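Novice:
Numbering (the numbering used here), first residue to last: 137 to 370.
#1: At 3 residues or longer, what runs of the beta strand (DSSP E) sit wholly inside the region 263 to 339?
#2: Kindly indicate which three-state DSSP category residue 210 falls into: helix, strand or coil?
#3: Verify whether the separation of the beta carbon atoms of residue 155 and residue 232 is less than 8 Å.
#4: Could you check whether the region 331 to 351 touches the region 204 to 215, counting it as contact only if at least three pairs of C-beta atoms, one from each stretch, sit closer than 8 Å?
#5: For residue 310, count neighbouring C-beta atoms within 10 Å of its own C-beta (all shown protein chains included) and say buried if the count is 16 or more, exposed if not.
#6: Give the single residue among 152, 175 and 275 whose Cα lies nearest to the Cα of residue 194.
#7: Tell me whether residue 239 is buried or exposed, calling it buried when 16 or more other Cβ atoms sit within 10 Å of its Cβ.
#8: Assuming residue 245 contacts residue 329 (C-beta within less than 8 Å), just tell me the rounded distance between them.
#9: Can you tell me whether residue 252 is buried or exposed? The criterion is at least 16 other CB atoms within 10 Å of its CB, across all chains shown.
#10: Could you pull the DSSP bridge partners for residue 346 from this structure?
#11: Which stretch, first to last residue, makes up the beta strand (DSSP E) that contains residue 140?
#12: Is it the case that the Cβ atoms of residue 322 and residue 341 are separated by a distance below 8 Å?
#13: Evaluate residue 331 with the Cβ neighbour count: other Cβ atoms within 10 Å of its Cβ, from every protein chain shown; 16 or more gives buried, anything less gives exposed.
#14: So the candidates are 237, 363 and 271; which of them puts its Cα closest to the Cα of residue 159?
#15: In whole angstroms, what separates the C-alpha of residue 139 from that of residue 303?
#16: Residue range of the beta strand (DSSP E) that residue 360 falls in?
#17: Just to check my reading of the structure: residue 168 and residue 147 have Cβ atoms closer than 8 Å, yes? What is that Cβ distance to the nearest angstrom?
#18: Using DSSP with H/G/I as helix, E/B as strand and the rest coil, what is residue 149?
#19: Around the C-beta of residue 150, are 16 or more other C-beta atoms found within 10 angstroms, so that it is buried, or is it exposed?
#20: Quick one: using the 10 Å Cβ neighbour count with 16 as the cut-off for buried, is residue 230 buried or exposed?
#21: If we call anything under 8 Å between Cβ atoms a contact, is residue 209 one with residue 247?
#22: In angstroms with no decimal places, state the Cα-to-Cα distance between residue 212 and residue 369.
#23: In terms of residues, what are the limits of the beta strand (DSSP E) holding residue 245?
#24: According to DSSP, is residue 257 helix, strand or coil?
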């Protein structure tokens, strides 16, 4: 479940991500009534098995059963905020009705990891990897102008799509240190199953976050709604 919002007096509109059909938007009629059999399943951070009826614009949820509830994402405010960011980002990046089984598995691994790892770092790893799967990733390892492998400190331009080597200066660049590059590459290589250990330093963490957020604002032309929630947490 990637998104839920109230609709009408007793209904909800939900965004689901499925193995077979990718992102789906559906209506869950009457699910906000106390005795509705859909009430428990139509919540954020649930892995569910559901029956849908296809419609012209949106599908309709007929029945569902809960396969897994991510408890920490439902009960811990910090985990909930960062989980909402990952869910919204995945929803924005993935098109409707396009099967992405690898992303389906990835999201399960991500939400399971929120149960025991640092929520902020987990969300950052997830975001960089989702960008990779979506094909929207910037170039971190090679110069976007000449293709040369980046070695040592370099420059970076979100507008131009990534890193620039010292031989290819361009306008509107920002410093791009070797330490930041190695940290971003470690996020992209993180193995969810193995639980790879990460060396996280505050400076690189903040720089990687800011680079990502600046890119997302450029990509979508608007701030993600979940970022307001995170901002309120300070």
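Here a beta-carbon is modelled for each residue, glycine too, at the ideal position from N, C-alpha and C. If you're wondering where the values come from, they're calculated on a predicted model, not measured in any experiment.
Specialist: In short, the structure shows the following:
#1: Fully enclosed beta strand (DSSP E) runs of 3 or longer: 290 to 293, 298 to 300 and 310 to 312.
#2: The residue you call residue 210 lines up with position 74 of the chain shown. Residue state, collapsed to three classes: helix.
#3: Residue numbering aside, residue 155 sits at position 19 when the chain shown is read from its first letter. Residue numbering aside, residue 232 sits at position 96 when the chain shown is read from its first letter. No, the pair does not count as a contact, with Cβ atoms beyond the cut-off.
#4: Contact fails: fewer than three Cβ-Cβ distances are below 8 Å.
#5: Position 174 of the chain shown, counted from the first residue, corresponds to residue 310. That one is exposed.
#6: Taking the chain shown and counting its residues from 1, one reaches residue 194 at position 58. Nearest neighbour of residue 194 by Cα position, chosen from 152, 175 and 275, turns out to be 152.
#7: The sequence position of residue 239 within the chain shown is 103, counting from 1. When all chains shown are included, residue 239 counts as buried.
#8: Here residue 245 refers to the residue found at position 109 when the chain shown is read from its first residue. Here residue 329 refers to the residue found at position 193 when the chain shown is read from its first residue. With a Cβ gap of about 7 Å, residue 245 and residue 329 count as contacting.
#9: As a first step, residue 252 must be located in the chain shown, where it is residue number 116. Looking at its Cβ environment, which holds fewer than 16 other Cβ atoms inside 10 Å, residue 252 is exposed.
#10: Translated into positions along the chain shown, residue 346 becomes position 210. Bridge pairing for residue 346: absent [DSSP].
#11: Taking the chain shown and counting its residues from 1, the one referred to as residue 140 is at position 4. Taken as a continuous stretch (DSSP letters only), the beta strand (DSSP E) holding residue 140 covers 139 to 143.
#12: By one-based count along the chain shown, residue 322 stands at place 186. By one-based count along the chain shown, residue 341 stands at place 205. When the beta-carbon positions are compared, residue 322 and residue 341 stay at least 8 Å from each other.
#13: On the chain shown, residue 331 is found 195 positions in, with the first residue counted as 1. Per the 10 Å Cβ criterion, exposed.
#14: Counting from one through the chain shown, the residue named residue 159 turns up at place 23. Among 237, 363 and 271, the Cα nearest to that of residue 159 is on 237.
#15: The sequence position of residue 139 within the chain shown is 3, counting from 1. The sequence position of residue 303 within the chain shown is 167, counting from 1. Straight across, the Cα-Cα distance linking residue 139 with residue 303 is about 45 Å.
#16: As a first step, residue 360 must be located in the chain shown, where it is residue number 224. Run containing residue 360: none; DSSP gives neither H nor E here.
#17: The count along the chain shown starts at 1 and reaches residue 168 at position 32. The count along the chain shown starts at 1 and reaches residue 147 at position 11. Yes, residue 168 and residue 147 are in contact; Cβ-Cβ is about 7 Å, under 8 Å.
#18: Mapped onto the chain shown, residue 149 falls at position 13. Residue 149 carries a strand assignment under DSSP once its states are collapsed to helix, strand and coil.
#19: What you label residue 150 is simply residue 14 of the chain shown in a count that begins at 1. Residue 150 counts as buried, since no fewer than 16 other beta carbons sit within 10 angstroms of its beta carbon.
#20: Start at 1 with the first residue of the chain shown, and residue 230 comes out as number 94. By the neighbour-count criterion, in which 16 or more other beta carbons inside 10 Å mark a residue as buried, residue 230 falls on the buried side.
#21: For this step, residue 209 is matched to residue 73 along the chain shown. For this step, residue 247 is matched to residue 111 along the chain shown. Taking 8 Å as the cut-off, the beta carbon of residue 209 is found closer than this to the beta carbon of residue 247.
#22: Taking the first residue of the chain shown as 1, we reach residue 212 at position 76. Taking the first residue of the chain shown as 1, we reach residue 369 at position 233. Distance between the alpha carbons of residue 212 and residue 369: 12 Å.
#23: As a working note, residue 245 is residue 109 in the chain shown. Segment 237 to 249 is the alpha helix (DSSP H) holding residue 245; no beta strand (DSSP E) there.
#24: Indexing the chain shown from 1 puts residue 257 at position 121. The three-state reading of DSSP puts residue 257 in helix, counting H, G and I together.
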